[in-house]
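If you read the sequences in order, they're chains A and B. Counting from 1, position 97 in the first sequence corresponds to residue 97 in my numbering; the numbering is continuous, with no gaps. Converting from the second sequence to my numbering requires adding 1000 to each position, the first position being numbered 1. Note that CB positions come from ideal geometry on N, CA and C, so glycine has one too. Reviewing the structure listed below.
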Amino acid sequence: AQTVTQSQPEMSVQEAETVTLSCTYDTSESDYYLFWYKQPPSRQMILVIRQEAYKQQNATENRFSVNFQKAAKSFSLKISDSQLGDAAMYFCAYRSPRSTSGTYKYIFGTGTRLKVLA
Amino acid sequence: DTEVTQTPKHLVMGMTNKKSLKCEQHMGHRAMYWYKQKAKKPPELMFVYSYEKLSINESVPSRFSPECPNSSLLNLHLHALQPEDSALYLCASSQVPQPTYEQYFGPGTRLTVT
């Protein structure tokens, strides 16, 4: 069975500094997708960044980038120039290959709560 | 329109009540999901619908009954719930069969069972 592990329940970062959130996963599949989602307090969960497993190049979205190490099954998120609005719970998620019914299963890690200090 | 809407935002119900949660999206997504999320925990998958057919049921108790009347609408019917069912219920949708699309989440319904 696939699993997703986030070993940091909580992290703090000073405003304008850089922080890295860790995520490891376990799967026997070769074709899958990985995501980082952000869930601010009492607000909607939104996608931060996605990574296709077949791509060697690390995904980047503005101040957010990932370090994808497929062999090590590691998928960390780096947030540069941290802003107060980055404070949220961050979930790493694994999406399995398509099932015979045509759907995908998403498995979430336990989350890392990021605090941004002014 | 990249929005998933959920109603109601908050719901308080007794253990003998019957209520329904509603989810709607107009992005043309043909996969829709129900998740249960307890405080400070990740979302737990409950049900997945693909092309309006139930494709995944994660051994959810029968007091939760999903329904997908059309490609834009997803309901979760609740009956005889327990206090431990109190949680945030999230709806999400995604494209199928294209593999590159992530899930879009609604804001959730915060359910309290008294």
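Quick one: what's residue i bridged to in DSSP?
i	result
B/ASN1017	Looking at the DSSP assignment, B/ASN1017 forms no beta bridge with any residue, so it has no partner.
B/LEU1090	B/TYR1035
B/PRO1066	B/LEU1076
Can you have a look at residue i and say buried or exposed, based on whether 16 or more other CB atoms are within 10 angstroms of its CB?
i	result
B/THR1112	exposed
B/SER1094	buried
A/TYR54	exposed
B/LYS1036	buried
B/GLY1106	buried
B/GLU1084	exposed
B/HIS1031	At residue 1031 of chain B the sequence reads Ala, which differs from the His that was named. Buried, because 16 or more other Cβ atoms sit within 10 Å of the Cβ of B/ALA1031.
B/GLY1108	buried
B/LEU1090	buried
Just the Cα atoms here: how many angstroms apart are residue i and residue j?
i	j	result
A/THR112	A/MET89	6 angstroms
A/ARG120	B/LYS1041	The displayed coordinates of chain A run from 1 to 118. Any statement about residue 120 of chain A would go beyond what the structure contains.
B/HIS1010	A/TYR25	34 angstroms
A/SER7	A/SER22	7 angstroms
A/SER30	A/LYS73	11 angstroms
A/SER65	B/GLU1052	36 angstroms
A/SER28	A/GLN39	28 angstroms
A/PHE68	B/ASN1017	48 angstroms
B/VAL1060	B/LEU1076	12 angstroms
At 8 angstroms on the CB atoms, spell out the chain B contacts of residue i, in chain order.
i	result
A/TYR122	Outside the shown range of chain A (1 to 118) lies residue 122 of chain A, about which nothing can therefore be said.
Would you mind telling me which residues of chain A sit closer than 9 angstroms to residue i, beta carbon to beta carbon, in chain order?
i	result
B/VAL1060	Near B/VAL1060 there are no residues of chain A at all, since even the closest Cβ is about 15 angstroms away, more than 9 angstroms.
B/GLN1025	Neighbours of B/GLN1025 on chain A: none; closest Cβ ~13 angstroms, over 9 angstroms.
Output, in chain order, the set of chain A residues within a Cβ distance shorter than 7 angstroms of residue i.
i	result
B/PRO1042	PHE91, PHE108, GLY109, THR110 and GLY111
Closer than 8 angstroms by beta-carbon distance: list the chain A residues that pair up with residue i, in chain order.
i	result
B/PHE1047	Going along chain A, no residue has its Cβ under 8 angstroms from B/PHE1047, so there is no contact; the nearest lies around 11 angstroms.
Short-range partners of chain B found in the segment 42–56 of chain A, where Cβ spacing is below 8 angstroms
ARG43, GLN44, MET45, ILE46, LEU47, ARG50 and GLU52
The segment 25–40 of chain A: positions lying closer than 9 angstroms to chain B by Cβ
ASP31, TYR33, PHE35, TYR37 and GLN39
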